[in-house]
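Below is one structure, written out as structure tokens, with a few remarks after it.
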Amino acid sequence: MNGQTVTKPAKQIILDGLWYDNAIFRQILGICSTLAVTNNVLNTLVMCISLSLVTALSGMTVSALRNWTPRSVRMMVQTLIIAFFVIIVDILLRAYWPEMSRNLGPYVGLIITNCIVMGRCEAFAGTNRPWPSFLDGLFSGLGYSVVLLAIAAFRELLGMGTILGFAMPYFSTHWDKWIIMVMPPGGFFVLAMVLWLCRSVEIKRKS
Amino acid sequence: MPTAGNFSSEIWLAVVTCFAAVFTQNILLSYFLGMCSFVSVSKEVKTAAGLGLAVVVVITATSILNWMAYWWVLVPLGLEFYRFILFIIIIAAFVQLLEMVIDRYSPALYLALGIFLPLITVNCAVLGSVLWMVIRNYSFVVSVGFGLGSGLGWMMAIVAMAGIRQRLDESKIPAGLRGPGITLIIAGIMALAFIGFTGVLQ
Chain A
1 MNGQTVTKPA KQIILDGLWY DNAIFRQILG ICSTLAVTNN VLNTLVMCIS LSLVTALSGM
61 TVSALRNWTP RSVRMMVQTL IIAFFVIIVD ILLRAYWPEM SRNLGPYVGL IITNCIVMGR
121 CEAFAGTNRP WPSFLDGLFS GLGYSVVLLA IAAFRELLGM GTILGFAMPY FSTHWDKWII
181 MVMPPGGFFV LAMVLWLCRS VEIKRKS
Chain B
208 MPTAGNFSSE IWLAVVTCFA AVFTQNILLS YFLGMCSFVS VSKEVKTAAG LGLAVVVVIT
268 ATSILNWMAY WWVLVPLGLE FYRFILFIII IAAFVQLLEM VIDRYSPALY LALGIFLPLI
328 TVNCAVLGSV LWMVIRNYSF VVSVGFGLGS GLGWMMAIVA MAGIRQRLDE SKIPAGLRGP
388 GITLIIAGIM ALAFIGFTGV LQ
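Residue numbers (the numbering used here), protein chains in the order written: chain A, 1 to 207; chain B, 208 to 409.
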């Protein structure tokens with residue numbers, strides 16, 4: 001590590017995280033651990049908050065330790081730092097919201113192998129100061145959360161007629177519920193539609 | 208420590224669990240685990256089969272190792288909350304070891320599988336199936352069946368996807384849907400087909 005820093009204004013970090021380098025539709029990263037719980041907005045919200053916090057905090061920690069971490073073992077160090085924060089999230093959830101912890105099953109633990117967390121640590125935190133790394137992690141996480149929450153809202157609304165468990169006016173009464181939306185195939189289809197939409201917008205913007 | 212009673216009933220339960228992990232609860236198509244490499248490495252049947260084979264070996268072996276580590280070390284010591292760190296270290300170490308062993312004894316196999324091995328450490332399907340195994344309190348024999356089934360199910364899905372994608376090369380697909388988009392739609396249709404297996408097992 002040479003300790004050299006890449007300066008990038010905070011505003012640019014935020015915009016990159018939310019749109020230009022959005023983890024989902026630009027890079028197709030990290031869908032594994034969260035897509036499975038997007039049949040329910042509440043579960044998705046908890047997963048997304050956990051993921052954003054883990055990304056931000058582990059980015060900050062990796063960055064703070066960057067000058068003391070030998071290059072050869074940095075992957076291992078990053079994994080341990082990430083696992084440390086995931087364990088904290090898991091313990092907090094189990095202590096204060098055991099029901100949610102049971103609903104999420106193994107997916108909280110799977111944040112460790114979420115490519116976004118490791119990707120941001122490797123691509124940004126390794127060469128930047130702690131505070132920009134924190135921002136970068138947080139807003140990459142938020143950019144990811146926005147997409148997943150949109151997916152979850154669609155799936156829960158069309159599949160169950162509710163959002164966050166509250167019955168929606170038209171969908172809970174007159175709507176013929178698309179049960180397939182809350183089943184696994186629905187997740188694949190809705191994500192594909194979101195990708196299609198975002199990529200088409202991007203193609204148009206470039207031409 | 209979870210056990211299922213006598214040995215023959217455990218073997219039967221392991222076979223049923225293995226079948227379920229391949230068909231009714233496919234790790235990829237119903238739990239969305241291992242999506243990253245599924246989307247990026249499913250362009251060619253040969254490479255997909257190589258990666259799939261490596262995943263089968265790693266999931267089965269790490270299920271065994273992690274079962275022993277969890278039930279024989281962590282649970283007696285009351286340190287269950289350390290499981291994430293322990294599992295990921297065991298998986299990473301096993302993959303590293305496997306890479307060295309294959310490189311040493313079978314250069315041909317190393318050429319075929321070698322490039323995929325580092326990818327497997329961060330494949331969520333491996334950690335995911337280990338975590339399911341612990342959450343569902345599987346006994347040792349059943350865990351082996353579950354690990355094998357998860358691996359085979361993942362391999363089957365990625366090989367089938369690669370076969371379909373090779374055929375798609377010449378078809379006209381809207382620009383925005385090319386690549387990952389169409390892959391996900393096909394995966395959705397595959398998942399739809401696999402729902403047909405629901406109810407085969409009680």
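Beta carbons are placed, not taken as given, at the ideal position from N, Cα and C, and that holds for glycine.
Neighbourhood of residue i by C-beta distance below 7 Å, restricted to the same chain and skipping five residues each side
i	result
asparagine 40 of chain A	Ala152 and Glu156
valine 190 of chain A	Ile151, Phe154 and Arg155
tryptophan 175 of chain A	Gly161
isoleucine 179 of chain A	Gly159
methionine 362 of chain B	Gly259, Leu260, Val262 and Val263
lysine 177 of chain A	Gly159, Met160 and Gly161
methionine 168 of chain A	Leu157, Gly161 and Thr162
alanine 268 of chain B	Phe301
For residue i, three-class secondary structure by DSSP
i	result
asparagine 2 of chain A	Since pLDDT at asparagine 2 of chain A reaches only 41, below the 50 mark, its modelled position is unreliable, and no value is offered.
isoleucine 163 of chain A	strand
phenylalanine 31 of chain A	Sequence inspection shows isoleucine at residue 31 of chain A; the phenylalanine mentioned does not correspond to that position. If DSSP states are grouped into helix, strand and coil, isoleucine 31 of chain A belongs with coil.
aspartate 16 of chain A	helix
aspartate 90 of chain A	helix
leucine 65 of chain A	coil
glutamine 232 of chain B	coil
glycine 241 of chain B	coil
methionine 208 of chain B	coil
lysine 206 of chain A	helix
lysine 177 of chain A	coil
serine 346 of chain B	coil
leucine 408 of chain B	coil
methionine 183 of chain A	coil
arginine 155 of chain A	helix
arginine 71 of chain A	helix
glutamate 287 of chain B	helix
alanine 36 of chain A	coil
asparagine 330 of chain B	coil
arginine 129 of chain A	coil
phenylalanine 188 of chain A	helix
Cutoff 6 Å; reference residue i; Cβ partners in own chain excluding five residues on either side
i	result
methionine 1 of chain A	With a pLDDT of only 37 at methionine 1 of chain A, under 50, the local geometry of the prediction cannot be trusted, and the value read off the model is given with reservation. Hits under 6 Å: Arg66 and Asn67.
glycine 3 of chain A	Residue confidence is low: glycine 3 of chain A scores 43 on pLDDT, short of 50, so the model does not pin down where it sits. No coordinate-derived value is stated.
serine 357 of chain B	Ala228, Ile234, Ile266 and Ser336
asparagine 209 of chain B	Residue identity check: residue 209 of chain B is proline in the sequence provided, not asparagine. Result list for proline 209 of chain B: Asn344 and Ser346, in chain order.
valine 46 of chain A	Met100
alanine 83 of chain A	Ile112
alanine 125 of chain A	Gly59, Val62, Ser63 and Ser133
Check: residue i C-beta below 7 Å from any heavy atom of the ligand NAD
i	result
threonine 405 of chain B	In the structure shown, the ligand NAD is absent, as is every other ligand, since no ligand is present at all.
Proximity winner among the options, relative to residue i (alpha-carbon distances)
i	options	result
phenylalanine 244 of chain B	B:Leu286, B:Ala364 and B:Val407	Residue identity differs from the one stated: residue 244 of chain B is serine in this sequence, not phenylalanine. Nearest of B:Leu286, B:Ala364 and B:Val407 to serine 244 of chain B, Cα basis: B:Ala364.
valine 305 of chain B	B:Leu284, B:Phe288, B:Ile327 and B:Ile292	The sequence as given places leucine at residue 305 of chain B; valine does not occur at that position. The residue with the shortest Cα to Cα distance from leucine 305 of chain B is B:Ile327.
asparagine 22 of chain A	A:Asn43, A:Arg199 and A:Arg205	A:Arg199
phenylalanine 401 of chain B	B:Trp278, B:Val222, B:Gln232 and B:Pro381	B:Gln232
proline 106 of chain A	A:Leu164, A:Val73, A:Thr55 and A:Val89	A:Val89
valine 194 of chain A	B:Thr405, B:Ala398 and B:Leu391	B:Leu391
phenylalanine 288 of chain B	B:Gly241, B:Leu272, B:Glu217 and B:Leu338	B:Leu338
leucine 334 of chain B	B:Ile298, B:Met362 and B:Ile309	B:Ile298
serine 140 of chain A	A:Asn114, A:Leu149 and A:Ser52	A:Ser52
valine 263 of chain B	B:Ser216, B:Gly354, B:Gly241 and B:Met307	B:Gly354
threonine 44 of chain A	A:Ala123, A:Phe85, A:Leu142 and A:Glu202	A:Leu142
isoleucine 116 of chain A	A:Val54, A:Pro184, A:Ala192 and A:Val201	A:Val54
glutamate 122 of chain A	A:Val77, A:Pro98, A:Leu164 and A:Ile87	A:Val77
phenylalanine 404 of chain B	B:Gly285, B:Ala268, B:Phe230 and B:Leu281	B:Phe230
isoleucine 296 of chain B	B:Pro314, B:Val329 and B:Val308	B:Val329
cysteine 48 of chain A	A:Asn114, A:Arg205 and A:Thr69	A:Asn114
leucine 104 of chain A	A:Leu148, A:Phe171, A:Thr38 and A:Val182	A:Thr38
glutamate 217 of chain B	B:Ala369, B:Val349 and B:Arg385	B:Val349
8 Å Cβ cutoff met for residue i and residue j
i	j	result
serine 270 of chain B	methionine 340 of chain B	yes
isoleucine 112 of chain A	phenylalanine 291 of chain B	yes
glycine 17 of chain A	aspartate 136 of chain A	yes
phenylalanine 239 of chain B	glycine 187 of chain A	yes
glycine 360 of chain B	tryptophan 196 of chain A	no
serine 145 of chain A	valine 108 of chain A	no
valine 248 of chain B	alanine 256 of chain B	no
glycine 352 of chain B	threonine 224 of chain B	yes
Any chain C beta carbon closer than 8 Å to residue i
i	result
isoleucine 292 of chain B	Note that chain C does not occur in the displayed structure, where the protein chains are A and B.
Members of the region 368-379 of chain B near chain A, C-beta cut-off 9 Å
The region 368-379 of chain B vs chain A, Cβ under 9 Å: nothing.
May I ask you to list, following chain order, the residues of the region 337-361 of chain B that have a beta carbon less than 7 Å from some beta carbon of chain A?
Those residues of the region 337-361 of chain B that come within reach of chain A (Cβ to Cβ, closer than 7 Å) are Leu338, Trp339 and Ile342.
Residues of the region 238-249 of chain B whose Cβ lies closer than 8 Å to any Cβ of chain A, in chain order
Within the region 238-249 of chain B, the residues whose Cβ lies closer than 8 Å to some Cβ of chain A are Tyr238, Phe239, Leu240, Gly241, Met242, Cys243, Val246 and Ser247, listed in chain order.
Just by C-beta distance, which residues in the region 309-335 of chain B are closer than 9 Å to chain A?
The residues in question are Thr328, Val329, Asn330, Cys331, Ala332, Val333, Leu334 and Gly335.
Short of 7 Å Cβ to Cβ, which residues in the region 94-119 of chain A face chain B?
Flagged, chain order: Gly105, Pro106, Gly109, Leu110, Ile112, Thr113, Cys115 and Met118.
To be precise: take each residue of the region 39-66 of chain A, compare its Cβ to all Cβ atoms of chain B, and keep it if any distance is under 7 Å. Which residues remain?
Using a CB distance below 7 Å, no part of the region 39-66 of chain A faces chain B.
Of all the residues that make up the region 160-184 of chain A, which are near chain B by a beta-carbon distance shorter than 9 Å?
Identification of residues in the region 160-184 of chain A having a C-beta nearer than 9 Å to some C-beta of chain B yields Ile180, Met183 and Pro184, given in sequence order.
Pull out every residue of the region 74-92 of chain A whose Cβ sits closer than 8 Å to any Cβ of chain B, in chain order.
Those would be Met76, Thr79, Leu80, Ala83, Phe84, Val86, Ile87, Asp90 and Ile91, in chain order.
Listed from N- to C-terminal order along the chain, which residues in the region 385-399 of chain B have their beta-carbon within a distance smaller than 7 Å of any beta-carbon of chain A?
Residues passing the 7 Å Cβ filter: Pro387, Gly388, Leu391, Ile392, Ala394, Gly395, Ala398 and Leu399.
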